[in-house]
Amino acid sequence: MPDSVTPDPSVPDRLASGSAGPDPAASDRVDPDLVDAARIAAAHDRIRPYVVRTPLLELGDSGVILKAENLQPSGAFKLRGASNSMLNLDVDQRRRGVVAHSSGNHAIAVAHVGRSLGIRTVVVMPSDAPQAKIDRTRDLGAVVELVAPDSSARTARARELAESDGLVAVEPYDSELVLAATATISTEILEDLPAAQTDPPVIYVPVSGGGLAGGVALGAKLRDPRVRVVGVEPELAADALASRQAGRRVAFSGEQMRRTLADGLRVQQVGAVTWPYLQTYLDDIVTVTEQEMLDAMRRIALEAWLVAEPSGAVSVAAALAGRGRVASASQGTSTGQGTSAARGTSRGRVGSGGQRVSASQRAVAIVTGGNVDPGLFADVLAGRLHG
Ligand SMILES: Cc1ncc(COP(=O)(O)O)c(C=O)c1O
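One gets the numbering used here by counting positions in the sequence shown from 1 and adding 127 to each.
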């Protein structure tokens, strides 16, 4: 694997300097145009040797097409953002080592890239993370520190470690490097889906911190504004939907978030950097029940022969339910006008008012990860677990 240092020249200093997270005052001014088509293409070139161009697969005869990001070598899409961020580090930053906070999949990805590039990795994870994720991260050579389950606890601890040990922070979701990297998923979908130009799809994407959904929506809209992009959350952890309805970032408590089995979707509030991208480019946010999520996991296994974790199956659950195909009146996007929340910070760019689609528009659901504890997966397959 290549090991060249290819810094992204347009990366803002606060990211390139390795601070433990964006300065809140600065990030409130984030411009949702900072990541453009050129930066997405550059990210794609940079990460190509490290990530798999995952296939599009049919889910039985459901009509739903899966973008199988669970087939990345780290078992989740997070490898895209982690490799783009870590390949952007200069020689001195690589020598210092990195620290990350993660519910699990970013931890595995950072450890994976660290091993490939010979970079020391320290990861802060919640104590209730699936054992499979903790074990895999350690097996890849990272030092894992477990902290209280709230996402705020691990963010704070990672910041402390960056300051005390001189480690460089590798953001899980809240950075332009991550957004540019996740946007490459849309590039691949729209290049690989037959007749995507004549029959643009609706893309379903899970939302937690928003690095994935913000990038996917941006990447899709820059290529083709007719593509509809729908964010999906568990009904029990729908802080992004609440934020969209309120027109500002809303935080849920850690206790509220822990009600869902989707351990990768428990970040308490979308990021300050990702928020303007979500507001500007996502057409809709919908929710799924725990039972729908578990049923989708089972169908993905039995009809597409893929292992999906709960967080990786919510997009499929929403697609199977046909949710978000036509914008709901409450979100004000069905007329293409958009509420102030739906318009967000847009200035008449692509996708700013939401796309209206017919019921027959093809659905592509991103299966974002497959790192699941074997016992849980067995229970889901056997139909022993109910939401
Ligand atoms: C499997 C899976 N899907 C989706 C997400 C959501 O990504 P983001 O935090 O960028 O919204 C995560 C985050 O950890 C995840 O692990």
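Glycine residues also receive a C-beta, built at the ideal position from the N, C-alpha and C atoms. For clarity, every value in this text was computed on a predicted model and none was experimentally measured.
query, result
"Range of the contiguous beta strand (DSSP E) that encloses GLY358", "355-361"
"Reduced DSSP category for ALA259 - H, G, I as helix; E, B as strand; rest coil", "helix"
"Proximity below 8 angstroms, CB of THR264 to CB of ALA289", "no"
"The segment 324-336 in contact with the segment 344-356 per 3-pair CB rule at 8 angstroms", "yes"
"Per-residue burial, GLN199 [other beta carbons within 10 Å of its own, 16 or more giving buried]", "buried"
"Closest by C-alpha distance to LEU206, when choosing among TYR177, VAL274, LEU184, GLN324", "TYR177"
"Contact test: ASN232 Cβ vs ligand 2 heavy atom, cutoff 7 angstroms", "With respect to small molecules bound, the structure shown includes ligand 1 and not ligand 2."
"GLY346 Cβ short of 7 angstroms to ligand 1 heavy atom set", "no"
"Outcome for GLU287 when other beta-carbon atoms lying within 10 angstroms are tallied against a minimum of 16", "exposed"
"For VAL491, the three-state DSSP class (helix, strand or coil)", "strand"
"Residues that DSSP places opposite ILE246 in a beta bridge", "Its beta-bridge partners do not exist; DSSP assigns none."
"Reduced DSSP secondary structure (H/G/I, E/B, other) of THR264", "helix"
"beta-carbon SER520 near ligand 1 non-hydrogen atom, thresh 7 angstroms", "Given that the chain is displayed from residue 128 to residue 514, the structure contains no residue 520 and the question cannot be resolved."
"Any non-hydrogen atom of ligand 1 within 7 angstroms of SER335 CB", "yes"
"At least three beta-carbon pairs within less than 8 angstroms, the segment 168-182 to the segment 303-310", "yes"
"The segment 190-199 touching the segment 493-504, judged by at least three CB pairs closer than 8 angstroms", "yes"
"At least three beta-carbon pairs within less than 8 angstroms, the segment 404-412 to the segment 343-351", "yes"
"Every unbroken beta strand (DSSP E) inside the segment 384-439 [3 residues or more]", "411-415"
"Residue burial classification, GLY337 (beta-carbon count within 10 angstroms, cutoff 16)", "buried"
"Distance between PRO159 and THR416 (C-alpha atoms, nearest Å)", "31 angstroms"
"is_contact[ASN197, chain C] using C-beta, thresh 8 angstroms", "Going by chain labels, chain C is absent from the structure shown, which holds only one protein chain."
"Anticipated Cβ contact below 8 angstroms, SER438 with VAL394, distance rounded", "11 angstroms between Cβ atoms; not a contact."
"Close Cβ partners of GLY451 (< 7 angstroms) along its chain, the five nearest in sequence each way excluded", "VAL357, ASP411, VAL413, ALA445"
"Sufficient close CB pairs (3 or more, under 8 angstroms) joining the segment 208-226 to the segment 237-249", "yes"
"Near ligand 1: GLU436 beta-carbon under 7 angstroms from a heavy atom", "yes"
"Per DSSP, cross-strand counterpart(s) of ILE330", "VAL356, VAL491"
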